[in-house]
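Visitor: Residue numbers (our numbering), protein chains in the order written: chain A, 2 to 422; chain V, 2 to 422. Provided herewith is a single structure, encoded as structure tokens, for subsequent inquiry.
Protein chains: 2
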Amino acid sequence: MVKVGILGVGTVGESVVRILEENADIIEARAGKKIVPTKGVVRDITKKRDIDITLSDNPEELVNDPEIDIIVELMGGVEKPYELTKKALENGKSVVTANKALLAYHRYDLQKAAGGDKRLAFGYEASVAGGIPIIQALKTGLSANHIESISGIMNGTCNYILTKMINEGAEFDATLKEAQELGYAEADPTFDIGGFDAAHKLLILASIAYGIDAKPEDIVIEGIEHINAIDVEFANKFGYEIKLLGMAKKKGDKIELRVHPCMIDENSMIAKIDGVMNGISAVGDKVGETLYYGPGAGGDATASAVIADIIDIVRGNASAMLGYNRPLETDLTLVEPEQIRSKYYLRLLVNDEAGVLAKISETFAKYDISIETMLQKPAGTDMSNLLVATHICKEESINKVMEELFENRNVFAKPSMIRID
Amino acid sequence: MVKVGILGVGTVGESVVRILEENADIIEARAGKKIVPTKGVVRDITKKRDIDITLSDNPEELVNDPEIDIIVELMGGVEKPYELTKKALENGKSVVTANKALLAYHRYDLQKAAGGDKRLAFGYEASVAGGIPIIQALKTGLSANHIESISGIMNGTCNYILTKMINEGAEFDATLKEAQELGYAEADPTFDIGGFDAAHKLLILASIAYGIDAKPEDIVIEGIEHINAIDVEFANKFGYEIKLLGMAKKKGDKIELRVHPCMIDENSMIAKIDGVMNGISAVGDKVGETLYYGPGAGGDATASAVIADIIDIVRGNASAMLGYNRPLETDLTLVEPEQIRSKYYLRLLVNDEAGVLAKISETFAKYDISIETMLQKPAGTDMSNLLVATHICKEESINKVMEELFENRNVFAKPSMIRID
């Protein structure tokens with residue numbers, strides 16, 4: 002019998018306890034041993050819960066408890082769970098976590114802590130894309146490949162909002178409100194819609210694929226707050242879907258890591274992933290493109306991944322946490338955001354005056370950016386939305402154009418930009 | 002250093018050797034040891050090959066060679082590779098294979114042979130859907146779940162032909178010929194287009210998910226040979242795509258296993274998988290739907306999966322071959338084909354005479370099958386194609402209707418049937 006202790010028994014923790022009980026038979030057959038959740042730690046010990054395990058409010062006691070074999074960390078936060086999971090490893094326990102923030106900051110420290118003389122397993126399948134086994138796909142399934150790119154929908158809240166905006170021509174604010182009412186967005190939605198959640202997940206995947214040690218602060222992170230119905234209409238018209246993507250791209254010995262809304266070909270598989278679902282495409286130099294699709298959140302889906310890790314540990318698998326035993330691709334460095342090359346879509350609110358278009362075109366020309374498509378749409382009295390799609394250029398140049406246009410007296414608001422991939 | 006010997010150095014085998022060399026650095030970092038293909042067995046030792054390993058034409062020698070740690074079996078066939086891989090296991094070597102026919106007939110024997118006192122690893126990721134890590138997804142990623150269904154495009158040749166027929170309104174024979182010219186179909190295409198290849202793969206997946214021991218002979222296998230442009234036109238008109246699917250469905254303590262062409266909702270993710278690509282959807286009782294997409298064939302994509310298994314073995318992972326240590330869901334039995342329930346589409350070539358429609362409708366009514374849609378299309382002088390979609394009924398009833406209609410003097414050819422899912 003293997004005893005599991007859970008740090009943080011919330012929605013996911015309760016699902017873990019319930020599934021270990023409901024599917025005990027098949028789980029025991031697959032793991033080779035009975036797996037029993039025996040103890041849990043909660044903040045509020047007085048709250049009534051519908052699960053049958055011993056609860057305390059003392060996390061240190063749990064990670065030091067000699068009866069516990071595997072610690073499951075579901076408490077959230079960064080420094081406290083880092084301290085506790087490290088302690089659990091020191092005590093010879095394996096660890097499973099769903100905590101992406103913990104890993105976005107401490108994955109290399111934890112790989113080191115788990116990889117001592119007696120290697121311990123550290124599972125984190127649930128930290129990226131909920132129930133989709135993308136961690137094991139990168140760590141094992143594609144292990145013969147240099148990964149050329151990872152690109153995916155890693156946040157269900159954003160994808161739900163964008164899908165709604167695309168299907169219904171709705172505006173962002175109204176759609177966000179509806180998502181909040183349906184429980185698909187948090188009361189404070191910043192972490193999701195600002196792209197930070199996706200960035201944490203991207204950093205975890207990029208570590209497995211490339212061994213690159215980056216923090217959220219090091220990469221481009223933009224959210225979906227500035228996208229409006231006009232952008233969606235433009236995208237539809239030109240055969241694009243707008244998605245919030247986490248992207249890692251290897252170009253020679255450089256890696257681009259970025260999270261931002263993106264216009265992508267409506268016929269690509271990623272474009273077809275709608276609503277709260279997640280989907281991640283990984284391209285290997287030998288295998289070509291593979292894609293993984295499924296529910297990215299939810300108590301049971303996340304618990305399914307947590308328990309998959311527990312079963313793997315009980316089966317005796319304890320390969321290196323990030324999937325390698327010595328540094329991978331050590332020459333790789335991050336591309337400076339300004340050096341990224343892409344196509345760009347800009348939306349400008351401009352004065353409806355003779356000569357304005359010429360002035361604006363001049364600014365693009367000045368920075369050597371050629372324009373692929375330009376559309377003008379009336380926007381109230383004497384104003385127009387000018388929608389511009391460029392050919393490939395450097396991000397540095399597009400930033401300069403945007404700055405300069407904002408200073409143009411015929412441009413009324415800060416230009417809005419979406420990259421085209 | 003780990004030494005690999007390859008039984009059968011054809012397209013996939015050459016890719017394995019080449020990738021182990023080209024990506025040696027990253028593979029060593031991930032596996033923790035250098036992996037070297039040292040010996041291979043071929044039928045024709047005199048043929049010139051572009052790889053640098055010692056070749057012989059004696060497979061027994063290779064599986065008995067004490068210097069070899071891992072045997073990779075890529076020779077094809079059933080009984081000979083069974084004998085050789087069993088011998089390799091007896092000699093304490095781990096085995097990796099891409100041979101779906103071997104597993105369709107001997108997976109339980111091999112699980113037993115690999116699971117002795119000292120458990121040996123037996124990898125077969127490459128046997129289903131080439132480069133897509135679907136075996137590990139079912140074996141580990143979804144291990145906390147009862148699998149409710151598996152449904153997927155498991156044969157790229159069929160999917161290429163059907164996609165072409167759908168996009169271009171082309172007929173089957175012309176499309177098959179084109180696929181053969183492009184190398185997407187074999188000179189003798191029966192194994193692919195008859196559904197047998199997909200059936201082998203389905204049986205492997207069903208063993209991991211359900212522990213059910215079925216042989217190809219036990220299940221419904223139908224190919225795509227009888228599909229024509231009229232069927233495709235009907236499907237388009239009513240919002241369906243036609244795909245050759247391998248399907249496993251759990252209903253209570255019964256399992257349906259079947260491979261056949263299927264009309265499916267054009268908005269489902271599976272419907273969006275086009276050309277030679279494969280894609281498999283697996284629904285778990287806790288996780289919900291997950292889907293895996295990628296190249297299902299090709300030397301490098303298949304070798305990518307073979308090497309992933311080798312790396313996993315070198316990392317020290319040797320969980321039970323089919324993912325369980327004691328029988329899974331032992332009460333499950335196969336549904337008799339006649340007891341399957343589905344919607345059906347029938348195409349009938351009929352006499353263009355007054356009263357024919359009434360007679361045909363009577364036959365459906367006699368077997369209590371209600372009709373959802375009926376379309377009549379002229380087909381030359383005095384003849385029509387009658388296209389009928391039914392509501393859900395038993396396969397037994399639809400078979401009787403088809404027999405009886407074939408005996409009707411107004412029906413000119415054997416009725417053609419496609420299930421609707």
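Ideal Cβ positions, reconstructed from N, Cα and C, are used throughout, including at glycine. As the structure is a prediction and not an experimental result, all values here were calculated from the model.
Alpha carbon to alpha carbon, what distance is there between I36/A and D110/V?
Guide: As a first step, residue 110/V is located in the second sequence; it is residue number 109 there, counting from the start. As a first step, residue 36/A is located in the first sequence; it is residue number 35 there, counting from the start. Rounded to the nearest angstrom, the two C-alpha atoms are 28 Å apart.
Visitor: Looking only at C-alpha atoms, which of A359/V, S320/V, K378/V, M384/V sits nearest to V351/V?
Guide: Locating residue 351/V in the second sequence gives position 350, where the first residue counts as 1. Among A359/V, S320/V, K378/V, M384/V, the Cα nearest to that of V351/V belongs to M384/V.
Visitor: Under 7 Å between beta-carbons, which chain A residues line up against E290/V? List them in chain order, please.
Guide: On the second sequence, residue 290/V is found 289 positions in, with the first residue counted as 1. Going along chain A in sequence order, the residues near E290/V (Cβ under 7 Å) are G295.
Visitor: Assign F365/A to buried or exposed, taking buried as 16 or more other Cβ atoms, counted over all protein chains shown, within 10 Å of its Cβ.
Guide: Position 364 of the first sequence, counted from the first residue, corresponds to residue 365/A. Its Cβ being crowded by 16 or more others within 10 Å, F365/A is buried.
Visitor: Measuring only between beta-carbons, confirm whether K305/A sits less than 7 Å from chain V.
Guide: The residue given as residue 305/A occupies position 304 in the first sequence. Per the sequence shown, residue 305/A should be read as Ser rather than Lys. Interface residue, yes.
Visitor: Considering only DSSP beta bridges, list what C263/V is partnered with.
Guide: Within the second sequence, numbered from 1, the residue matching residue 263/V stands at position 262. DSSP, once it has assigned bridges, lists K244/V, R420/V as partnering C263/V.
Visitor: Rounded to whole angstroms, how far is the Cβ of I361/A from the Cβ of L387/A, which I believe are closer than 8 Å?
Guide: If you number the first sequence from 1, residue 361/A lands on position 360. If you number the first sequence from 1, residue 387/A lands on position 386. Contact flag correct, Cβ pair sits at about 7 Å.
Visitor: Does the distance from the CB of I54/V to the CB of T39/V come in under 7 Å?
Guide: Along the second sequence, one-based indexing puts residue 54/V at 53. Along the second sequence, one-based indexing puts residue 39/V at 38. Cβ atoms of I54/V and T39/V: closer than 7 Å.
Visitor: Compare the C-beta of Q112/V with all C-beta atoms of chain D and state if any pair is closer than 7 Å.
Guide: This model lacks chain D altogether, as its protein chains are A and V.
Visitor: State the DSSP-derived secondary structure class of M1/V, mapped to helix, strand or coil.
Guide: Residue numbering for chain V in the displayed model covers 2 to 422; residue 1/V lies beyond these limits and cannot be assessed.
Visitor: Residues of chain A with CB under 7 Å from D313/V, in chain order?
Guide: Here the question's residue 313/V lines up with position 312 in the second sequence. Near D313/V (Cβ distances below 7 Å), the residues of chain A are T141.
Visitor: Out of D26/A, L358/A, I393/A, which one is the CA nearest neighbour of N409/A?
Guide: Within the first sequence, numbered from 1, the residue matching residue 409/A stands at position 408. Nearest option by C-alpha distance: L358/A.
Visitor: Nearest to N156/V by alpha carbon, out of I311/V, G196/V, A114/V, K119/V?
Guide: Along the second sequence, read from residue 1 onward, the residue named residue 156/V stands at position 155. Checking every option, the nearest Cα to that of N156/V belongs to G196/V.
Visitor: Report, in whole angstroms, the separation of the C-beta atoms of L163/A and K244/A, which I expect to be a contact under 8 Å.
Guide: Taking the first residue of the first sequence as 1, we reach residue 163/A at position 162. Taking the first residue of the first sequence as 1, we reach residue 244/A at position 243. Their Cβ separation, rounded to whole angstroms, is 6 Å, which keeps L163/A and K244/A in contact under 8 Å.
Visitor: Since A200/A is in the beta strand (DSSP E), which residue starts that stretch and which ends it?
Guide: Residue numbering aside, residue 200/A sits at position 199 when the first sequence is read from its first letter. Segment 197–211 is the alpha helix (DSSP H) holding A200/A; no beta strand (DSSP E) there.
Visitor: In chain order, what residues of the same chain lie with their CB nearer than 6 Å to the CB of M248/A, ignoring the 5 residues before and after it?
Guide: Numbered from its first residue, the first sequence carries residue 248/A at position 247. Excluding sequence neighbours, M248/A sits near S152, R259.
Visitor: Hey, quick one: how far does the beta strand (DSSP E) through L139/V stretch, first residue to last?
Guide: Along the second sequence, read from residue 1 onward, the residue named residue 139/V stands at position 138. No beta strand (DSSP E) holds L139/V; DSSP gives it neither H nor E.
Visitor: Hey, does Y125/A have any beta-carbon neighbour from chain V nearer than 7 Å?
Guide: For the purposes of this step, residue 125/A is taken as residue 124 along the first sequence, with counting starting at 1. Output row for Y125/A: interface = no.
Visitor: Starting from L329/A, find everything on chain V with Cβ-Cβ shorter than 8 Å and list it in chain order.
Guide: For this step, residue 329/A is matched to residue 328 along the first sequence. Near L329/A (Cβ distances below 8 Å), the residues of chain V are I27, A30, R31.
Visitor: When burial is assigned at 16 or more other CB atoms within 10 Å of the CB, is D70/A buried or exposed?
Guide: To locate residue 70/A, count along the first sequence from 1; it is residue 69. Flag for D70/A reads buried.
Visitor: Could you tell me whether any Cβ in chain V is nearer than 7 Å to the Cβ of R316/A?
Guide: What you label residue 316/A is simply residue 315 of the first sequence in a count that begins at 1. Taking Cβ atoms only, chain V reaches closer than 7 Å to R316/A, which makes this a yes.
Visitor: Can you give me the Cβ contacts of G41/V inside the same chain, cut-off strictly under 6 Å, excluding the 5 residues immediately before and after it?
Guide: For the purposes of this step, residue 41/V is taken as residue 40 along the second sequence, with counting starting at 1. Here the set comprises I7, V10, I54, L56.
Visitor: Mind listing the chain A neighbours of Y325/V? Cutoff is C-beta to C-beta under 7 Å, in chain order.
Guide: Numbered from its first residue, the second sequence carries residue 325/V at position 324. Result: A30, R31.
Visitor: Below 7 Å on C-beta distance, what does I308/V contact in chain A?
Guide: Sequence index remark: in the second sequence, residue 308/V carries index 307 (1-based). Here the neighbours are A145.
Visitor: DSSP three-state label for A298/V, please.
Guide: Looking up residue 298/V in the second sequence gives position 297. Looking at A298/V - three-state DSSP - the assignment turns out to be coil, as it is neither helix nor strand.
Visitor: From N411/V, K49/V, G116/V, L75/V, pick the residue whose C-alpha is nearest to that of G93/V; which is it?
Guide: Position 92 of the second sequence, counted from the first residue, corresponds to residue 93/V. When only C-alpha atoms are compared, the closest one is G116/V.
Visitor: Buried or exposed: K202/V, going by 16 or more other Cβ atoms within 10 Å of its Cβ?
Guide: If you number the second sequence from 1, residue 202/V lands on position 201. Its Cβ being crowded by 16 or more others within 10 Å, K202/V is buried.
Visitor: Quick one: does D301/V have its CB under 7 Å from some CB of chain A?
Guide: Taking the second sequence and counting its residues from 1, the one referred to as residue 301/V is at position 300. Taking Cβ atoms only, chain A reaches closer than 7 Å to D301/V, which makes this a yes.
Visitor: In chain order, which continuous runs of the beta strand (DSSP E) of length 3 or greater are located wholly inside the segment 354–403 of chain V?
Guide: With a minimum length of 3 residues, the continuous beta strand (DSSP E) runs that stay inside the segment 354–403 of chain V are 372–379, 384–391.
Visitor: Output the residue ranges of the alpha helix (DSSP H) runs that lie fully inside the segment 82–131 of chain V and measure 4 residues or longer, sorted by chain position.
Guide: 101–115, all fully within the segment 82–131 of chain V.
Visitor: What number of angstroms, rounded off, separates the C-alpha of I1/A from the C-alpha of D275/A?
Guide: The displayed coordinates of chain A run from 2 to 422. Any statement about residue 1/A would go beyond what the structure contains.
Visitor: Between the C-alpha atoms of M166/V and E172/V, what's the straight-line distance to the nearest angstrom?
Guide: Within the second sequence, residue 166/V is the residue found at index 165, counting from 1. Within the second sequence, residue 172/V is the residue found at index 171, counting from 1. About 6 Å.
Visitor: Short of 7 Å Cβ to Cβ, which residues in the segment 251–277 of chain V face chain A?
Guide: Listed in sequence order: M270, K273.
Visitor: Check whether the segment 298–313 of chain A touches the segment 94–110 of chain A, taking contact to mean three or more Cβ pairs, one atom from each stretch, closer than 8 Å.
Guide: The segment 298–313 of chain A vs the segment 94–110 of chain A: in contact.
Visitor: Taking the alpha-carbon positions, what's the G285/A to K140/A distance?
Guide: Within the first sequence, the letter at position 284 stands for residue 285/A. Within the first sequence, the letter at position 139 stands for residue 140/A. G285/A and K140/A: Cα-Cα distance of roughly 12 Å.
Visitor: Expressed to the nearest angstrom, what Euclidean distance is found between the alpha-carbon atoms of I271/A and G280/A?
Guide: Locating residue 271/A in the first sequence gives position 270, where the first residue counts as 1. Locating residue 280/A in the first sequence gives position 279, where the first residue counts as 1. Looking at the two C-alpha atoms, the distance is approximately 7 Å.
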